[in-house]
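Since the structure comes first, as structure tokens, the remarks are kept for the end.
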């Protein structure tokens with residue numbers, strides 16, 4: 022993968038890392054009442070949209086109210102998964118000491134078990150971001166997105182398999198969890214029994230979710246049950262398509278880079294910051310868009326500071342962008358349409374072997390390097406620094 | 008039931024997954040912040056100044072609060088800067104009063120005591136736990152002679168007990184020895200004056216430790232003072248509540264007495280000046296994190312210093328909110344300096360100091 026960011030020297034990297042630590046300190050000092058009020062407000066919105074959505078689906082007699090109810094329920098599920106679930110389970114609100122927003126007890130409205138998710142997402146994905154073979158989120162073990170991944174004939178179908186995944190994303194998220202747990206066991210220790218144990222956790226969650234959406238609520242509607250089943254199905258699907266779209270824009274856009282396990286050996290905290298920056302990409306949009314994306318629109322900020330309350334990413338972004346500019350680092354951002362198109366282009370291009378993929382990429386503009394870093398490294402042993 | 012095996016095997020777990028209580032709690036809370044399915048909550052209906060730096064907070068509780076016995080304490084949870092914090096306070100009213108009260112003295116650097124004194128308003132809703140504590144009096148077997156020794160905010164449970172005695176037509180004889188720093192620092196001065204005039208069995212003596220004032224005894228607990236005030240000390244049942252130095256010196260005098268005492272340790276007072284030999288690795292199994300802790304403060308505090316926030320409550324070992332499973336390694340109990348074994352077991356994070364490499368199911 023070619024980089025368009027300037028390669029930084031060791032000292033420059035450390036200085037970059039230090040500036041990011043400074044931002045973190047500044048922001049963490051401000052975390053308090055506002056953040057608590059924010060998550061409580063979102064929680065309230067999630068509860069009300071669910072009540073209203075399910076109520077409208079239940080009592081609707083014509084398509085418009087049914088449609089509004091379905092959209093509200095979908096919105097409720099999106100809020101629950103994105104702005105509440107994802108962020109709470111990162112421990113962003115553990116400091117509140119409120120059992121509703123504690124990463125240890127939170128369980129979300131999706132077929133993925135929260136404990137399995139925390140393992141493969143919080144630990145594996147956030148530690149080994151975009152490291153091929155370690156970060157199982159990179160292509161989710163079936164999509165080829167870079168020339169560093171070996172091509173197999175099955176990749177020819179990845180346009181279709183991804184389209185399928187988009188509509189059933191929650192199943193992908195859930196099934197991914199137990200498989201990552203299993204794959205992380207040393208090969209010798211892997212047994213059918215352990216796989217079954219991991220899978221049962223997933224199956225249990227599936228059962229819980231399916232009964233809720235397709236048995237419990239439909240039964241409440243009596244003979245009107247098909248309507249409720251349809252509404253729930255559509256709401257789940259809208260949520261799936263939305264989360265898929267947001268999440269794929271996070272790491273698979275054109276200039277999001279990958280790394281090899283060798284590259285991250287002896288990585289310092291500052292190196293890790295650089296890798297998070299190079300591997301992630303943002304989406305620009307409105308405040309409402311940020312909220313509905315669970316602030317994953319600020320993927321870069323999220324990867325730098327996964328445990329900082331999400332609404333703070335908006336104020337971090339301009340500062341971070343300025344630091345990136347100063348150090349000649351690419352700050353990957355763009356509109357949703359642009360980023361999403363890039364993702365699909367990548368899925369398409371890399372479904373072919375490298376030779377064809379290169380040709381397809383050939384008509385892309387030459388890779389442009391970012392301008393020279395505008396930093397002056399001060400030699401700390403310089404005499405000028407010693408006060409006279 | 009092959010179709011739904013998990014629900015069939017654990018229907019209760021499934022029912023909980025629906026979050027019925029959370030939903031009800033939410034809906035009730037939207038109607039009235041005092042309503043709840045199971046949580047005891049209270050609305051502040053009045054706040055009185057009790058001394059230079061103590062306030063009495065009058066509470067209107069909801070039906071989940073089960074009342075208390077005179078002398079007991081209650082966990083109070085408030086939200087400060089978005090964070091829920093819990094501290095224990097003794098109830099200062101008599102149990103028969105319609106609205107229970109707590110009396111809170113400002114502690115130097117204390118988070119909650121200062122918040123309650125400065126920021127709490129009439130109309131605010133706070134969360135309560137159930138009352139507990141052994142610092143109580145048995146109404147069926149009241150002793151003939153009683154002595155109460157209190158210092159500072161230690162007077163609050165004693166105030167409750169004496170008020171209760173007054174209500175129950177106590178026939179014996181009781182004396183109260185109360186140490187305050189200066190005249191304006193005396194808590195319940197008016198209330199005790201009223202109790203003393205209305206009840207011939209009660210005798211109150213105020214002692215000022217820091218700033219002497221005419222008409223008041225000054226100094227600390229001495230043999231002279233004890234001999235003069237309670238010549239019949241040996242015959243009395245003693246209730247003792249106050250700061251640690253007072254309790255230590257009082258217990259010297261009370262070797263032959265039956266003493267019921269209560270010592271509230273503030274979170275900052277539990278810390279010892281223990282010097283550890285160096286940082287120790289602590290593996291957090293669920294979080295997939297390994298952190299280095301110094302072993303100088305409690306594990307709870309050291310984790311918080313690193314930005315990791317385990318659920319916590321009273322921070323003095325009473326409420327068990329921070330209880331956590333330890334799979335290996337040993338810890339020292341800060342309160343009594345005992346060391347745990349290195350096997351599996353539950354530890355209270357607020358009371359444990361790390362000794363050797365730990366693995367926590369957290």
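Protein chains in written order, with my numbering: chain E, 22 to 409; chain A, 8 to 369.
The C-beta atom is built at its ideal place from N, Cα and C for all residues, glycine as well.
What you are looking at is a predicted structure, and each value in this text was computed from that prediction instead of being measured.
Can you check whether the C-beta of residue i is within less than 8 Å of a C-beta belonging to chain E?
i, result
"residue 295 of chain A", "yes"
"residue 14 of chain A", "yes"
"residue 18 of chain A", "no"
"residue 92 of chain A", "yes"
"residue 88 of chain A", "yes"
"residue 74 of chain A", "no"
"residue 42 of chain A", "no"
"residue 354 of chain A", "no"
"residue 319 of chain A", "yes"
"residue 195 of chain A", "no"
"residue 33 of chain A", "yes"
Measuring only the C-alpha atoms, how far is residue i from residue j?
i, j, result
"residue 31 of chain A", "residue 324 of chain E", "36 Å"
"residue 409 of chain E", "residue 43 of chain E", "The predicted model places residue 409 of chain E with a pLDDT of 44, which falls under 50 and marks its position as unreliable, so this point remains unresolved."
"residue 71 of chain A", "residue 51 of chain A", "16 Å"
"residue 299 of chain A", "residue 288 of chain A", "5 Å"
"residue 244 of chain A", "residue 236 of chain A", "15 Å"
"residue 327 of chain E", "residue 38 of chain E", "16 Å"
"residue 35 of chain A", "residue 246 of chain E", "29 Å"
"residue 30 of chain E", "residue 331 of chain A", "44 Å"
"residue 282 of chain E", "residue 119 of chain A", "49 Å"
"residue 176 of chain A", "residue 144 of chain A", "14 Å"
"residue 95 of chain A", "residue 126 of chain A", "18 Å"
"residue 366 of chain E", "residue 106 of chain E", "30 Å"
"residue 201 of chain E", "residue 182 of chain E", "19 Å"
"residue 411 of chain E", "residue 13 of chain A", "There is no way to answer for residue 411 of chain E, as the model of chain E reaches only from 22 to 409."
"residue 200 of chain A", "residue 147 of chain A", "27 Å"
"residue 277 of chain E", "residue 33 of chain E", "21 Å"
"residue 126 of chain E", "residue 174 of chain E", "43 Å"
"residue 88 of chain E", "residue 80 of chain E", "12 Å"
"residue 305 of chain E", "residue 349 of chain E", "21 Å"
"residue 256 of chain E", "residue 95 of chain E", "4 Å"
"residue 42 of chain A", "residue 130 of chain A", "14 Å"
"residue 347 of chain E", "residue 72 of chain E", "49 Å"
"residue 154 of chain E", "residue 270 of chain E", "20 Å"
Mind checking which residues open and close the alpha helix (DSSP H) that includes residue i?
i, result
"residue 63 of chain E", "54 to 80"
"residue 13 of chain A", "12 to 16"
"residue 311 of chain A", "306 to 312"
"residue 249 of chain E", "246 to 272"
"residue 28 of chain A", "27 to 38"
"residue 213 of chain E", "213 to 232"
Quick check on residue i - is its C-beta less than 8 Å from some C-beta in chain A?
i, result
"residue 409 of chain E", "With a pLDDT of 44 at residue 409 of chain E, under the threshold of 50, the modelled position of that residue is not reliable, and no figure is offered here."
"residue 424 of chain E", "Nothing can be reported for residue 424 of chain E, as the shown portion of chain E is limited to 22 through 409."
"residue 247 of chain E", "no"
For residue i, would you say it is in contact with chain B, using Cβ-to-Cβ distances shorter than 8 Å as the test?
i, result
"residue 180 of chain E", "Given the protein chain composition of this structure (E and A), no chain B is represented."
Among residues of its own chain, excluding the 5 on either side of residue i, which ones have a beta-carbon nearer than 7 Å to its beta-carbon?
i, result
"residue 189 of chain E", "261"
"residue 123 of chain E", "115"
"residue 329 of chain A", "307, 317, 318, 319, 320, 355, 356, 357"
"residue 180 of chain E", "368, 369, 372"
If you compare alpha carbons, which of the options is closest to residue i?
i, options, result
"residue 137 of chain A", "A:9, A:263, A:73", "A:73"
"residue 312 of chain E", "E:285, E:99, E:176, E:266", "E:99"
"residue 216 of chain E", "E:204, E:74, E:226, E:227", "E:204"
"residue 92 of chain E", "E:105, E:107, E:76, E:370", "E:76"
"residue 294 of chain E", "E:218, E:62, E:256, E:344", "E:344"
"residue 131 of chain E", "E:64, E:316, E:177, E:103", "E:103"
"residue 414 of chain E", "E:239, E:266, E:211", "Look at the range of chain E in this structure, 22 to 409, and you will see that residue 414 of chain E is not part of it."
"residue 87 of chain A", "E:54, E:97, E:241, E:332", "E:54"
Might you give, ordered along the chain, the residues of its own chain that have their beta carbon closer than 6 Å to the beta carbon of residue i, omitting 5 neighbours on each side?
i, result
"residue 340 of chain A", "358"
"residue 69 of chain E", "none"
"residue 57 of chain A", "63, 110, 194"
"residue 75 of chain A", "98, 102, 138"
Once the 5 residues before and after residue i are set aside, which same chain residues still bring their CB inside 8 Å of it?
i, result
"residue 60 of chain A", "112, 113, 124, 192"
"residue 152 of chain A", "179, 180, 181, 239, 242, 243, 244"
"residue 202 of chain A", "169, 170, 173, 209, 211"
Taking the beta strand (DSSP E) that residue i falls in, what are its first and last residues?
i, result
"residue 124 of chain A", "Not the beta strand (DSSP E): residue 124 of chain A falls in the alpha helix (DSSP H), residues 118 to 125."
"residue 359 of chain A", "359 to 361"
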